[in-house]
Each structure stands twice: as C-alpha cells, then as structure tokens.
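Here's the structure, in structure tokens; my notes come after.
Protein chains: 2
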Amino acid sequence: MVARKVKLSDVARRAGVSPATVSRAISQPDLLSAATLKRVRAAAQALGYVPDGAARALASGRSMTIGAIVPTLDSTIFARFLQSLQSTLARDGYQLLVASHEMNPAAETEAVRMLLARGADGLILVGADRPRSTLDLLRTGSAPVVLTWCGAPDFACVTVDNERAGYLAAQHLVELGHARIGMVTGRLSFNDRQRARLAGARQAMREAGHEIPDWRVNEQDLSLAGGRIGCAALLQLDTPPTAIIGTIDLLAIACLQEARARRLTVPTDLSIVGIDDVDMSAYLTPSLTTVHIPTGRIGQMAAEMVVSLLENGEAQTHVDLPIELVVRRSTARAGGKA
Amino acid sequence: MVARKVKLSDVARRAGVSPATVSRAISQPDLLSAATLKRVRAAAQALGYVPDGAARALASGRSMTIGAIVPTLDSTIFARFLQSLQSTLARDGYQLLVASHEMNPAAETEAVRMLLARGADGLILVGADRPRSTLDLLRTGSAPVVLTWCGAPDFACVTVDNERAGYLAAQHLVELGHARIGMVTGRLSFNDRQRARLAGARQAMREAGHEIPDWRVNEQDLSLAGGRIGCAALLQLDTPPTAIIGTIDLLAIACLQEARARRLTVPTDLSIVGIDDVDMSAYLTPSLTTVHIPTGRIGQMAAEMVVSLLENGEAQTHVDLPIELVVRRSTARAGGKA
DNA sequence: TCAATTTCTGAAAGCGCTCTCATTGAAGCG
DNA sequence: CGCTTCAATGAGAGCGCTTTCAGAAATTGA
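As you go down the protein sequences, you meet chains A and B in turn.
So the first sequence is residues 1 to 338, counted in our numbering.
So the second sequence is residues 1001 to 1338, counted in our numbering.
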C-alpha cells in the first residue's frame, strides 16, 4: 500500500466541488451540468479514484451484488449456468458472488446466511428441496430469491419440467420396445431434480404397463466413476435391463463407457439415454440420445428475473422453459435390431 | 421486507450491553467473559441478527472476500479450480467473488477494477499475459495478488511448467517414433499457457531433430467443436501427422472423436495426446494419454497463498507444482504397430 | 490490606459514501 | 418587471459497524 487511498472528498477538492456533486457524478451523472461532470471526471481520472464499494453499499443499501448457490462448482451444468448468470448480471452492473454446498443442506443454509450478510441484493438457488428453516430464512430476508430447475409456489423461479424430462427419456425407450429399463441416478435426498427425473421415468413406464423396480435403480455419486459403478451393477443383474437412463448426461456417458469396457455395443446390445444435453453428448460415438435442458437459458432468465425483481419490484415470477428429447445414436429398438 | 433490519445496537440493548461488546462477541469472542458472551449470543440468536457485511467492511477495512478472475467459467478445468479455491477459502472464512473475461483483456481489466472496488481483500488471476496497464493496476492496488498456471517474477504465483507439459507430450511421441506431429491449440494471444505448451512441444521435437511447422499447428476455440475442426484440418493435409497433441484435454478428446468419425483407429492409425488430465480422459475408450496438471491443487495453494499473504503479510510466494506424463491407450508406436 | 496489574466493558469517533433538504441563480411568464 | 419554476449544487445527517482509549471491576502479590 503505497499511497493513501484516494477518496471521494479528494476528488471533490481537486475538482472544486462538494462531495455530493462527485457522488452524483458517479451514480446520477445526468443531474450535473456537462461542465461540472467533465471537471469531476477529469479529477477522478487524475487521482485514480476508485469508489469504495463497502461505503457505497452501506450508504445506499444496495451492494450491486447477486449471490448464487449451486450444489457444486465442479460440474459442466452448473459451470455453464454460472457463466450465463455472470454474463447476464454483468450487463446490468451486478457482480456474481458464488457459493457451493456440496450436497450438504447445512452448508447451504450457511451459504445463504453468508451471502445475505455480505449484502447480496438478490439470491439465486438451485432447486427447492431444502429444510424449512432455510426456506424461512430466504422468505424473511429482504433480498429477492429466484429458484432454478425446480421451483416452489411461493418463490420466483425459472424451472424446467424435470419429471417430464424423465418421462420423455423413458417414453422414447418404450416406443423402441424396451420393457426392462434400469436407471442410474444421483443421490436422491436433498435433490429434487433427481427425484423428479426418476419419478417421471417411472410414470412413463407405468403408463406403458411396466415398472422400474427399486433394484433396477442405482443411486450413485454424480461422477463418471459413479456412473460406471451404477451401470456395472445394473448389467450384473440376473435379468439385466435392455436400456439404461442416466438422470444426467454425465452418468449416461459413464454408462456408455462402462458398456464399451464390457464389449457391449451401444445401441444394439444396450440403449442409453441421458438428460441435460451437454456439449459432449453430441460428439460422442455413439452420440447420446438425451433430453435437452436449456441450461444457459435458465441462467440468463434467472439473472434477468432477480434484476427485474430488484429494479421493478415486480416481474413474471414463474417461468418454465421448454425441454425436448434429442434422439441420437445411443438408442435402438429393443432386441438388438437397430 | 417484513421487519426492520435487526442491527447490532438492537442486540446490544436486548443483551443489556454496549454495542462495542456485541461487536467483540462477533469478531473477538475471547475478549469477553463467558457469561457476557453467552448473553450476547442468546440475544443475537433470538433476534435473528445478521451482521451487515458492508458496514463491517467499511469500519474494519477488510471485506473477507477474495476475487478470482478466470478466462471462462464454462470449463472443466476452471470449474474444478474455482471449486477448490472456494472450499479452501471458505475454511478461512473468506468468500469467493468470481468474474470471467472470456478471453478479452479489456474485460479482465474491468473485472480487476470491479473486484477492487468491491473491496476484495485479495485477487487470484490465471496466467500473467495481460497489458502492462492491468499489471500496474494490480501492483498499485493494496490487495495481494496471486497468479496461477503461469507466473511473473514480481507477483506471488502458483504455477505449473506449461512448457514442460508440452515438452513431455511431444517427447513421449518422439520416443514412440513419431516425427510428424500436428498440434491443435487454443488461441495463442492473451494466453500464455497455450503458447508455453506449444513452445515446449516444439522444443522437444527440435531436440529430436524434427520440427513442427506452423501449418501443422491449428489454432482453434477451446471447445469440442474447435478441436474437431482443428483435427480435421490436420488430417486433410497432404502429409497428415501420425500423431496429434491437443494443448488441453478437451481439444484432444475432440480429436479422438474426429478420428473415430473418420474411421481412424486410435492409436494404431493416429496417436493422440492431451494436457490437463481431466476426469473424463481416464474413462474414454481409448483412454487418453495426457500430462497431468494438478488443477485442484493449484486452487488450493493459491487460496492458501492469498490468505497467508493477507494474514501473515509474508509467504513463500512462488510455488511450482509438479506435472507428469500419464501414458494411457491413445498413443502407440508410429507406423501402426501398437 | 493496598497498590499494581489484569480483565472486561463502555463511550464515542470515525470508515467513505449517499441522499434528503435547502439554497442559489437563471429562465419562463403574464 | 416581479413572481414562479426549475436546474444545479452544497450542507450535513446518517448507513451499521469497528476500534481506540479509558474507566471499572476483579485479581494478584507482598
């Protein structure tokens, strides 16, 4: 720290105006005469003035900061989500504050508390499955909250129909004649997205007169390793499934890999469907049949929603984005005839 | 906003102590007698008190916030990096403020300015390749700065030897008898990691008496699509390379996919090497030979370094983490004999 | 037992900015 | 030409907390 920090009053002195004027030059430039504005800007420039965010936040009550809490940073999906949040927010002058909870509800509550304490003007969370106490904290807080992926009636949210995603995946398999399908899912507790996707798939099967018994549902970590383990377990059953749904693409990709490692040909020996439609899925061989979830769009809309909640006080508070099945090469008719 | 915000003085009143005491209960609890502390905590709890971060930051001069600027959020590598930054920082009570610049130097400068304005106590950046003006801004600022991946002499940094990474990749190919290798790289401007990796590979080839001419280096976006385009371009040359290095795994994986799409067998028809060793690489078929970069470790060390710079003022300021070649199944002897 | 410490707590002065309110000319109007 | 209206600026009171300085109470030592 070489020089004493340049503050607003220094700029004011140099420009020969009052501090109030300098403040206005920053936040409401159109209130000033062109000449004054120019003078103040020159002074600020010359001194290398950088406004103190904490002081601004304290005095104005707004931090121009939005907090986002995702399950984990280390995920293609949430990375893209954050990317799109951040770029959308940046357009409106907001900065993203990021936290993750690693699938631990207590950590999430802690993160909410911390973001609120840090003065986040708004909060963006993933899913609606959290302890009542956290929900209360969110409702109590003065900051607008937007839920994503899954919503709750009394919160603003940007959702996709996760149940339908599972439904579409399974329905596609039914249409191909599959009756015995297995599922590799992530941990179901504290994760409404996973539960919904599973439930949707089950619903589709049921409507077709089939079931997905619990023992053909394998709950794993959301990782390639988890996916392979889950897939292996399903394939080792006495009557292995003819098709597998991974509730996220990552899991499905791992299934693809496990199948190949076992010298099974996808899709002739085994059909595989994912959900998400990550970049990689289109590029695999075979390319992955999956349900497209508009991840980037979710981020963009969520960002726009908080900002609008913040600035207009009001907004369309429930947005459900469309999803669709993307049929590629990892699925085929049951019984091996492609 | 239902209730008026609970403030420190409210807690003080309820606990029957002075505001100063409440403040101490928060930040230096051991200065208080057990009884007082307990009383204050009870009051805070009862009122649901959440300290105002902006006020704390203003009064104390520290925001307990660390800013990180990555090229892009939407990348396996940086996602893991941020993940590890965030969890390490969280341990010490710091919060991560994230920005990305999308390969735009001006955006990066802007991000630095913004993070500084937001009162970030420290900054973590990727690479050292940026305009002098940005570097000056960083040096001037009172906040400690840690560079990662690539360093600069007058900054604290956590690096890996990117040049050596390229070198190791190429050397491996040389040992397998490859003389004609192609490279798919990311954009080289404003990206010292990419340049270093390319330079290292060239160096290894040169030492073996070969060259990598410019027309066998294909510069692409860091995406699967880019990698495939780059790979296709190299394979369409009159004398296509017998091996390809992707300067990041993502690019190498795309090459693997492009090769398969062209019915080339990897590694017999074409050897492919990546750099990074992302999760996926081990699970592919064929699994990817690559150079392991300890991404998570970089994040952890960088986080520890800023914190220590911040709290002890001093620290070991240059750390270079080891990297190593990981030989898997995507490389074989030149000429097709595995 | 009394001075010398050591603990614990309170008073109060800011931290750097925003924003309401007041003030001052200048412009507009009949 | 006197009065209102408006645009441009200044004065000053906080925003909610930290922290220095001091004083009061408890502890110690001889």
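Idealized CB from N, CA, C, for every residue including glycine.
Checklist entry - List, in order along the chain, the chain A residues whose C-beta lies closer than 8 Å to that of Ser1075 of chain B? => result Ala79
Checklist entry - When you check each C-beta in the segment 45–56 of chain A against every C-beta of chain B, which residues fall closer than 9 Å? => result Gly48, Val50, Pro51, Asp52, Gly53, Ala54, Ala55, Arg56
Item to check | Members of the segment 1274–1295 of chain B near chain A, C-beta cut-off 9 Å | outcome: Asp1279, Met1280, Ala1282, Tyr1283, Leu1284, Thr1285
Checklist entry - First and last residue of the alpha helix (DSSP H) that includes Gln300 of chain A? => result 295–311
Item to check | Neighbour-count burial assignment, Glu163 of chain A, 16 or more Cβ in a 10 Å radius | outcome: buried
Item to check | Buried or exposed by the 16-neighbour rule on C-beta atoms within 10 Å, applied to Val327 of chain A | outcome: exposed
Item to check | DSSP beta-bridge partners of Leu97 of chain A | outcome: A:Gly67, B:Leu1097
Next on the checklist: Measuring straight from C-alpha to C-alpha, what distance separates Ala12 of chain A and Ser1142 of chain B?
Outcome noted: Approximately 23 Å, taken between the alpha carbons.
Checklist entry - First and last residue of the beta strand (DSSP E) that includes Asn218 of chain A? => result 217–219
Checklist entry - Taking just the CA atoms, how far does Ile1272 of chain B sit from Glu1211 of chain B? => result 18 Å
Item to check | Where the alpha helix (DSSP H) through Asp136 of chain A begins and ends | outcome: 132–140
Checklist entry - How long is the line joining the alpha carbons of Val184 of chain A and Ile1077 of chain B, rounded to whole angstroms? => result Roughly 25 Å between the two C-alpha positions.
Item to check | Closest by C-alpha distance to Thr72 of chain A, when choosing among A:Ala111, A:Leu89, A:Arg41 | outcome: A:Ala111
Item to check | Whole alpha helix (DSSP H) elements within the segment 237–279 of chain A, 4-residue minimum | outcome: 249–261
Checklist entry - alpha helix (DSSP H) containing Gly1182 of chain B: first to last residue? => result Counting along the chain, Gly1182 of chain B falls outside any alpha helix (DSSP H), though it belongs to the beta strand (DSSP E) covering 1181–1185.
Checklist entry - What's the gap between the Cα of Ser1100 of chain B and the Cα of Asp238 of chain A? => result 50 Å
Next on the checklist: If I measure Cβ to Cβ from Pro1267 of chain B and keep anything under 6 Å in the same chain, skipping five residues before and after, which residues do I get?
Outcome noted: Shown here for Pro1267 of chain B: same chain residues with a beta carbon closer than 6 Å to its own, the five before and five after excluded, namely Ser1330, Thr1331, Ala1332 in chain order.
Item to check | Assumed close pair Ala1068 of chain B, Gly1119 of chain B - CB separation to whole angstroms, cut-off 8 Å | outcome: The pair is not a contact, with the Cβ atoms about 15 Å apart (cut-off 8 Å).
Item to check | Start-to-end residues for the beta strand (DSSP E) that takes in His1292 of chain B | outcome: 1289–1292
Checklist entry - Of all Cβ atoms in chain A, is any one closer than 8 Å to the Cβ of Val1158 of chain B? => result Interface with chain A (8 Å Cβ-Cβ cutoff): Val1158 of chain B is excluded.
Checklist entry - DSSP beta-bridge partners for Val1017 of chain B? => result Paired residues: none, contrary to the question.
Item to check | With 16 other Cβ atoms within 10 Å as the buried cut-off, status of Ala1322 of chain B | outcome: It is Pro, not Ala, that sits at residue 1322 of chain B in the sequence shown. Flag for Pro1322 of chain B reads exposed.
Item to check | Contacting residues, own chain, Cβ-Cβ under 6 Å from Ala254 of chain A (five flanking each side not counted) | outcome: Leu224, Gly227, Arg228
Item to check | Per-residue DSSP class, three states only, for His1172 of chain B | outcome: His1172 of chain B: helix per DSSP, three-state reduction.
Item to check | Close beta carbons around Ser1063 of chain B, own chain, < 6 Å, minus the five adjacent residues each side | outcome: Ala1057, Gly1119, Asp1121
Next on the checklist: Can you pull the chain A neighbours of Met1114 of chain B, defined as C-beta to C-beta under 7 Å?
Outcome noted: Gln95
Item to check | Residue closest to Gly166 of chain A, alpha-carbon to alpha-carbon, out of A:Gly246, A:Asp10, A:Gly335, A:Asp52 | outcome: A:Gly246
Checklist entry - Does any C-beta atom of chain B lie closer than 8 Å to the C-beta of Leu58 of chain A? => result yes
Item to check | Anticipated Cβ contact below 8 Å, Gly296 of chain A with Ser84 of chain A, distance rounded | outcome: 4 Å
Next on the checklist: Tell me which residue opens and which closes the beta strand (DSSP E) that Cys1150 of chain B is part of.
Outcome noted: First-last for Cys1150 of chain B: undefined, no H or E at that position.
Checklist entry - What number of angstroms, rounded off, separates the C-alpha of Leu1097 of chain B from the C-alpha of Gln1086 of chain B? => result 9 Å
Item to check | As assigned by DSSP and simplified to three states, the class of Val1326 of chain B | outcome: strand
Item to check | Bridge-paired residues (DSSP) for Gly210 of chain A | outcome: A quick correction: the sequence has His, not Gly, at residue 210 of chain A. DSSP lists no partner for His210 of chain A.
Checklist entry - Taking the alpha carbon of Leu37 of chain A as the point to measure from, which residue in A:Ala20, A:Gly53, A:Ala233 has its own alpha carbon closest? => result Of A:Ala20, A:Gly53, A:Ala233, the residue nearest in Cα terms is A:Ala20.
Checklist entry - Per DSSP, what kind of secondary structure is Leu156 of chain A in: helix, strand or coil? => result Checking the sequence shown, residue 156 of chain A turns out to be Ala, not Leu. DSSP places Ala156 of chain A in strand when its eight states are reduced to three.
Item to check | Which of helix, strand or coil DSSP assigns to Val1006 of chain B | outcome: Val1006 of chain B falls in the coil class under three-state DSSP.
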